[in-house]
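K.L.:
If you're matching them up, the sequences are chains A and B in order. Under UniProt numbering, the residue at position 389 of the first sequence is numbered 389, and the numbers go up by one with no gaps. Under UniProt numbering, the residue at position 269 of the second sequence is numbered 269, and the numbers go up by one with no gaps.
There are 2 protein chains.
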Amino acid sequence: MIDGRLLIAGQALQTETRFSAIDAASGEPFGVDFSVSTPEHVDAACAAARDAAPVFARDAAARADLLEAIGAEILALGDGLIETAMRETGLPRARLEGERMRTVNQLRLFAAELHGFGWQDEVFEPADLARVPPRPSLRRINRAVGPVAVFGASNFPLAFSVAGGDTAAALAAGCPVVVKGHSAHPGTGEYVARAVTKAVADSGFPTGVFSFLPGNNRALGAALVGHPAIKAVGFTGSRAGGLALIAQAQARPEPIPVYAEMSSINPVLLLPAAMAARGGALARAYAASLAMGAGQFCTNPGLLLAVDGPDLDAFLATAAAALDTAAPQVMLSPGICRAYHHGVSALDGREGVATILRQNAPEDRCGAAIFAVDAARFIADPALREEVFGVSGMVVRCASPDDFSAVLASLEGQLTASFHGDEADWPLAQALLPIMADKAGRVIANEWPTGVEVSRAMVHGGPFPATSDTRTTSVGTLAMARFLRPVCFQNMPFAID
Amino acid sequence: MIDGRLLIAGQALQTETRFSAIDAASGEPFGVDFSVSTPEHVDAACAAARDAAPVFARDAAARADLLEAIGAEILALGDGLIETAMRETGLPRARLEGERMRTVNQLRLFAAELHGFGWQDEVFEPADLARVPPRPSLRRINRAVGPVAVFGASNFPLAFSVAGGDTAAALAAGCPVVVKGHSAHPGTGEYVARAVTKAVADSGFPTGVFSFLPGNNRALGAALVGHPAIKAVGFTGSRAGGLALIAQAQARPEPIPVYAEMSSINPVLLLPAAMAARGGALARAYAASLAMGAGQFCTNPGLLLAVDGPDLDAFLATAAAALDTAAPQVMLSPGICRAYHHGVSALDGREGVATILRQNAPEDRCGAAIFAVDAARFIADPALREEVFGVSGMVVRCASPDDFSAVLASLEGQLTASFHGDEADWPLAQALLPIMADKAGRVIANEWPTGVEVSRAMVHGGPFPATSDTRTTSVGTLAMARFLRPVCFQNMPFAID
């Protein structure tokens, strides 16, 4: 079903330079070799996207059909997709099957959105010739920005990759998409790219609507972001990676936006009454949220705030015990696992940092870790606020609830901020709500941040460095707005549209 | 009424370093000396803005009242404002009185918008506990980004300055504003700043909602853009100035958006049937639009495209005669006038460029100029596409209508693109509409671009370098969206809001 080719506007091409997929569990290469795309391929894909853009932008109903068809083609890929993804990412079957359904439902949600008119945000103001000076008719409507480059994430090989949220949003908005395939799941990427390519071919739209460029070098991404036909970039990944793309996009003769989702430690406040009433249940739920998917979620609860004392000690003991019963997990790639061990080692023994748990784990597996500090130390040491991607939790022992806002104020922007509180905690939650909303794109009561609903109301975004543009989201229908721009038509004859 | 003080959160302060207003017509200093704000003043203003932000963001109805009150206070300033503005800018009384009304109506429009709910873009999705997994309640709503820095324009000392569009939009969105006063109209600025300060004091909002920092050096603007309390910047001015602010804002530890409106030559297509039927009337209207306000409009029709031949020759003769009958005009500042003479001199005699009109004018006045080139030369020479701020028009003689799209394709992003056409021209207009909409934020039929309606449907924006963010506008109610960000509240108890 897959043979390591890149896909440019419906054409499958092979290159001489190749790279291998890596089995996440063993660290060994396996399967077919994958073609490495070159700058010439970027040129061809972007030129095809530019040529396809005007036709693609015009027919929203046909785009809705295309999105539905992509979903159907992904489901039709069958178990080969799941097995390849399991091997490339180390993620378990149930998770990947769930992620596949999430990906398909995401495509369907955008299709449904296209059957409404809200995304166009159309405003018509009739002429008023009696006014002095006469007022012209004005019609404002959203319009596709043009071809979009998508850089998928390693941690969601389906839902945030080739046909993931960025691609679905861009296609829905009427923008052709050129995907830079992630080198950590090239086979998964090719499977899905073939599904999209087939759906585009069947749609009657120009084939340039979609291209898939796998590769394992940075020059490929740079060529893509630098191409004049590309008008916006969607990226999910590391802070360093996102910042490099943003700098390059800003330095173009025509700067373009990079919608980068980068780094978040997702603070969770455990309020006193809830801790007293149900600390044990919270501890078990925390452990489950922290360890889910080897902690490889952008909404992983990396930071806890609670008032120091016996309730917190009991909470930590329960959480540590729950985490320690689970076996160390396979991570997405050897590089991510190395970075995790490096991050945990840097915290273990750092001044003022107590190690609550550091699970014994081989160097190719992710063992759970919990660290604790007091509020003053946490605020004084920026290194304690850096994301450690994996099952690593930082706990701030606050002297009183008065410390909560100072700790929150020390944070950079976040995807989420959560609190767990019972009725007696609500005045405190109310007082903290403004700073939580200042710091995050989503504020959560009495739930853990690791579930992200795909819906109209979702905001998966937040101030820098959670994302590069706090006015947007990368999950939910509002994500289309990143790839639309308003245009006003003044005094237009009815015959012209 | 004015005494050269800066205004920080309701406090009028004097500094030792001072600068003078310059009489635009004579180039001589006049009136009181104005205080130069320092980085310490920036600190004080931004801290006050940060402290005022939460309260200010909460009460939209009171903000609407504030916007109305600012308008009333501006009207109450009386003729002192107009006379000062006339002297500082060289703009005539009727224009400034009209601009004052436009400014007041703009404030009223945002006030009216706040009485509706559209600007909040609220979406509520109820919980579904029966679903597996349960679906939480989600409420998405727009929220103020925080304090905004505003850099006003020299060419609209009222409508795009201290209480102009950016300030009105930011205040409407719930963001405190710190204005960097423009050194070309410090007295006008102080007048309006006093009106805003009085309205804020009467409103009961914290005084930190508004500060006015005059100055005549770049360090002031840099300190403002670099201040951590500032969350967004509104700027209208030169391309170099805008790019410098953007680079600085991107290099902050927390990068912030700069909404810069910079450079546009506003192509106008004269289609063949309209030229044949009413070339003379079009020529007179063109001359009026080009010369209005000494051409100092961001929507000035700096570029004409027409098919070469007798109709175009007659058009140019009529336009040149109309322009040449008017006296050379005072410009906004000696620096702007110098730049205009430099720009016109660089075009006069340039290879392939014919000078249709170069009005004889003293070096402190703006004489009208029209230049013509063929399409190939225009496309080959990027210098011919640069904005010359003033009464200077470039005309591209196209061999046939087939040249129109190639010429349009050679352009950078524009605020506007217009066509003049009669019924026989409509198929051509229809064919050119997509590229016009790709290149500009507003597409205009059979009108000139120099009128910009302040309304809900207006887009005063466009692709780079017309603006730095093609998804926005700096005129009309949609301008609020620049200073809002969506936040999602998940599973929130009813008691907490």
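Glycine included, every Cβ here is placed at the ideal spot set by N, Cα and C. If you're wondering where the values come from, they're calculated on a predicted model, not measured in any experiment.
Do you know how far the Cα of valine 192 (chain B) is from the Cα of alanine 159 (chain B)?
P.N.:
Those two C-alpha atoms are separated by around 11 Å.
K.L.:
What number of angstroms, rounded off, separates the C-alpha of leucine 291 (chain A) from the C-alpha of valine 391 (chain A)?
P.N.:
Looking at the sequence shown, residue 291 (chain A) is not leucine but alanine. Using only the alpha carbons, I get a separation of about 5 Å.
K.L.:
Hey, could you find the ends of the alpha helix (DSSP H) glutamine 11 (chain B) is sitting in?
P.N.:
Premise fails: glutamine 11 (chain B) lies in the beta strand (DSSP E), 11 to 13, not in any alpha helix (DSSP H).
K.L.:
For valine 258 (chain A), would you say it is in contact with chain B, using Cβ-to-Cβ distances shorter than 8 Å as the test?
P.N.:
no
K.L.:
Use the C-beta contact count for valine 344 (chain B): other C-beta atoms within 10 angstroms, 16 or more gives buried, fewer gives exposed.
P.N.:
buried
K.L.:
If we count the other Cβ atoms within 10 Å of its Cβ and call it buried at 16 or more, is glutamine 14 (chain A) buried or exposed?
P.N.:
exposed
K.L.:
Should leucine 138 (chain B) and serine 418 (chain A) be called a contact, given that it needs their Cβ atoms to be closer than 8 Å?
P.N.:
no
K.L.:
With 16 as the cutoff for other CB atoms within 10 Å, does alanine 240 (chain B) come out buried or exposed?
P.N.:
exposed
K.L.:
Look at the alpha carbon of alanine 21 (chain B) and the alpha carbon of glutamate 190 (chain B), and state the distance between them as a whole number of angstroms.
P.N.:
Using only the alpha carbons, I get a separation of about 11 Å.
K.L.:
Leucine 7 (chain A) and residue 504 (chain A) - do their beta-carbons sit closer together than 8 Å?
P.N.:
Coverage of chain A is limited to positions 1 through 497, which leaves residue 504 (chain A) absent and any answer about it impossible.
K.L.:
Measuring only the C-alpha atoms, how far is alanine 9 (chain B) from alanine 170 (chain B)?
P.N.:
Between the alpha carbons of alanine 9 (chain B) and alanine 170 (chain B) lies a distance of about 16 Å.
K.L.:
Which value, in whole angstroms, describes the spacing of the CA atoms of glutamine 430 (chain A) and aspartate 497 (chain B)?
P.N.:
Distance between the alpha carbons of glutamine 430 (chain A) and aspartate 497 (chain B) is about 7 Å.
K.L.:
Does any C-beta atom of chain B lie closer than 8 Å to the C-beta of cysteine 46 (chain A)?
P.N.:
no
K.L.:
So, helix, strand or coil for valine 55 (chain B), using DSSP?
P.N.:
helix
K.L.:
Give a yes or no on whether 8 Å exceeds the smallest Cβ distance from serine 455 (chain A) to chain C.
P.N.:
In the structure shown, chain C cannot be found, because the protein chains are A and B.
K.L.:
Applying a beta-carbon distance threshold of less than 7 Å, which residues of chain B neighbour phenylalanine 464 (chain A)?
P.N.:
Per Cβ cutoff of 7 Å: Glu254, Pro255.
K.L.:
Quick one: give me the first and last residue of the alpha helix (DSSP H) that isoleucine 246 (chain A) is part of.
P.N.:
239 to 251
K.L.:
Check distances from the C-beta atoms of the segment 12 to 41 of chain B to those of chain A and list, in chain order, the residues that come in under 7 Å.
P.N.:
The segment 12 to 41 of chain B vs chain A, Cβ under 7 Å: nothing.
K.L.:
Pick from B:Ser333, B:Phe212, B:Asp438, B:Gly90: whose alpha carbon is nearest that of valine 36 (chain B)?
P.N.:
When each option's Cα is compared against that of valine 36 (chain B), the closest is B:Phe212.
K.L.:
Of all the alpha helix (DSSP H) runs that stay within the bounds of the segment 160 to 228 of chain B, which reach a length of 4 or more residues?
P.N.:
165 to 173, 186 to 203, 218 to 226
K.L.:
Report the three-state DSSP secondary structure of histidine 115 (chain B) (helix, strand or coil).
P.N.:
helix
K.L.:
Roughly how far, in whole angstroms, is the beta-carbon of leucine 220 (chain B) from the beta-carbon of valine 42 (chain B), given that I think they are within contact range, below 8 Å?
P.N.:
7 Å
K.L.:
Of all the CB atoms in chain B, is at least one closer than 8 Å to the CB of glutamine 250 (chain A)?
P.N.:
yes
K.L.:
Between the alpha carbons of alanine 479 (chain A) and alanine 112 (chain A), how many angstroms are there, rounded?
P.N.:
14 Å
K.L.:
Comparing C-alpha positions only, which one of B:Thr197, B:Asp381, B:Phe378 sits nearest to alanine 12 (chain B)?
P.N.:
Residue nearest to alanine 12 (chain B) within the set B:Thr197, B:Asp381, B:Phe378 is B:Thr197 (criterion: CA-CA distance).
K.L.:
Using the DSSP secondary-structure output, state which residues sit across from aspartate 128 (chain B) in a beta bridge.
P.N.:
Aspartate 128 (chain B) is bridged by DSSP to B:Arg135.
K.L.:
Measure how close the beta-carbons of alanine 466 (chain B) and serine 161 (chain B) come, nearest whole angstrom, since I'm counting them as under 8 Å.
P.N.:
20 Å between Cβ atoms; not a contact.
K.L.:
Would proline 126 (chain A) count as contacting chain B if we go by Cβ distances under 8 Å?
P.N.:
no
K.L.:
Determine the direct distance from the alpha carbon of glycine 71 (chain A) to that of glutamine 247 (chain B), and round the result to whole angstroms.
P.N.:
Residue 247 (chain B) is actually alanine in this sequence, not glutamine. About 41 Å.
K.L.:
Pick out whichever of B:Ala369, B:Glu387, B:Arg218 has its Cα sitting closest to the Cα of asparagine 266 (chain B).
P.N.:
Considering only alpha carbons, the answer is B:Glu387.
K.L.:
In this structure, how does DSSP classify aspartate 65 (chain A) when only helix, strand and coil are distinguished?
P.N.:
If DSSP states are grouped into helix, strand and coil, aspartate 65 (chain A) belongs with the helices.
K.L.:
Measure from the alpha carbon of valine 150 (chain A) to the alpha carbon of each residue in A:Ala144, A:Arg135, A:Asn142, A:Asp166, then state which is nearest.
P.N.:
A:Asp166
K.L.:
Which of the three DSSP states, helix, strand or coil, is assigned to methionine 394 (chain A)?
P.N.:
strand
K.L.:
Spatial neighbours of aspartate 23 (chain B) within its chain, please: CB distance less than 6 Å, with the 5 preceding and 5 following residues excluded, ordered by chain position.
P.N.:
The beta carbon of aspartate 23 (chain B) is closer than 6 Å to those of Phe30, Arg87 in its chain, skipping five residues each way along the sequence.
K.L.:
Going by DSSP, name the residue or residues bridged to isoleucine 141 (chain A).
P.N.:
A:Val487
K.L.:
Just by C-beta distance, which residues in the segment 382 to 395 of chain A are closer than 7 Å to chain B?
P.N.:
none
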